[in-house]
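See below for the structure under consideration.
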Amino acid sequence: MAQEQVRKLVASNRKARHDYFIEDVFEAGLMLTGTEVKALRAGRASLVDGFCSIDNRGEAWLEGVHIPEYSQGTWTNHAPRRKRKLLMHRHEIERLQSKTQEKGHTIVPLSLYFLDGRAKVEIALARGKKEYDKRQTLREKQDTREAQRAISTHRDR
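Position one of the sequence shown corresponds to residue 121 (our numbering), numbered consecutively onward.
Listed below in structure tokens is the structure:
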């Protein structure tokens, strides 16, 4: 019998969906130190300035993500904004690398969570939005919200 997978969300990057068109989503493991895991289990992290890069050796790295120092940590504490290695399959990394060579594409983290006790990050291949695209998205969201509100008030009568 298959066990249920428990997903405990630690942090999400809501701004990424506003600033980028999300084209493809991947799940990657994270190589962390002990104090980083303990700080994440306390629910403290920020993905706002985070991005992913791929080096010339074909390894994926998560950069700019802030995991604060563990409060009960000693001299073994980690640096809050250090580079963290992403654990992904070779073909996924190669696909991401080829897509990021195209103009306007980047890799951004969407969420950080624990899946069955293992730290995972959801990353997305994204294309940057222009200012008018952001306004258009907000306008569409507002229109659908107003339409839903009109439908619900019409039903109540």
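For each residue, glycine too, the CB sits at the ideal point set by N, CA and C.
For residue i, the nearest candidate out of the options (CA to CA)
i: Val228; options: Asp236, Arg137 and Arg161; result: Arg137
i: Ile243; options: Leu207, His274 and Leu258; result: Leu207
i: Asp169; options: Ala148, Glu143 and Ala131; result: Ala131
i: Gln192; options: Thr273, Gly154, Thr264 and Asp144; result: Gly154
i: Gln221; options: Leu230, Leu245, Arg202 and Arg238; result: Leu245
Residue i in three-state terms, based on DSSP
i: Lys254; result: helix
i: Ala267; result: helix
i: Gly154; result: helix
i: Met121; result: Reliability fails at Met121, whose pLDDT of 48 lies under 50, so the model's placement of it is uncertain and the value that follows must be treated cautiously. In the structure shown, Met121 sits in coil (DSSP, three-state: anything other than H, G, I, E or B).
i: Thr220; result: helix
i: Ala159; result: helix
Opening and closing residue of the alpha helix (DSSP H) in which residue i lies
i: Asp139; result: Arg134 to Asp139
Where residue i falls, given that 16 or more other Cβ within 10 Å makes a residue buried
i: Lys240; result: buried
i: Ala270; result: exposed
i: Arg127; result: exposed
Closer than 6 Å: residue i CB and nearest the ligand SAM heavy atom
i: Asp263; result: As far as ligands go, the structure on display features none, and thus does not contain the ligand SAM.
Enclosing beta strand (DSSP E) for residue i [first to last residue]
i: Arg202; result: Here Arg202 belongs to no beta strand (DSSP E), and DSSP marks it neither H nor E.
i: Tyr190; result: Neither: Tyr190 is in no beta strand (DSSP E) and is coded neither H nor E.
i: Glu242; result: Arg238 to Gly248
Cβ contact (3+ pairs, closer than 8 Å) linking the stretch 246-256 and the stretch 158-174: Taking a contact to require three or more Cβ pairs closer than 8 Å, the stretch 246-256 and the stretch 158-174 do not qualify as touching.
Touch test, the stretch 209-221 against the stretch 175-193, Cβ-Cβ under 8 Å, three pairs minimum: Yes: the two stretches touch, three or more of their Cβ pairs being nearer than 8 Å.
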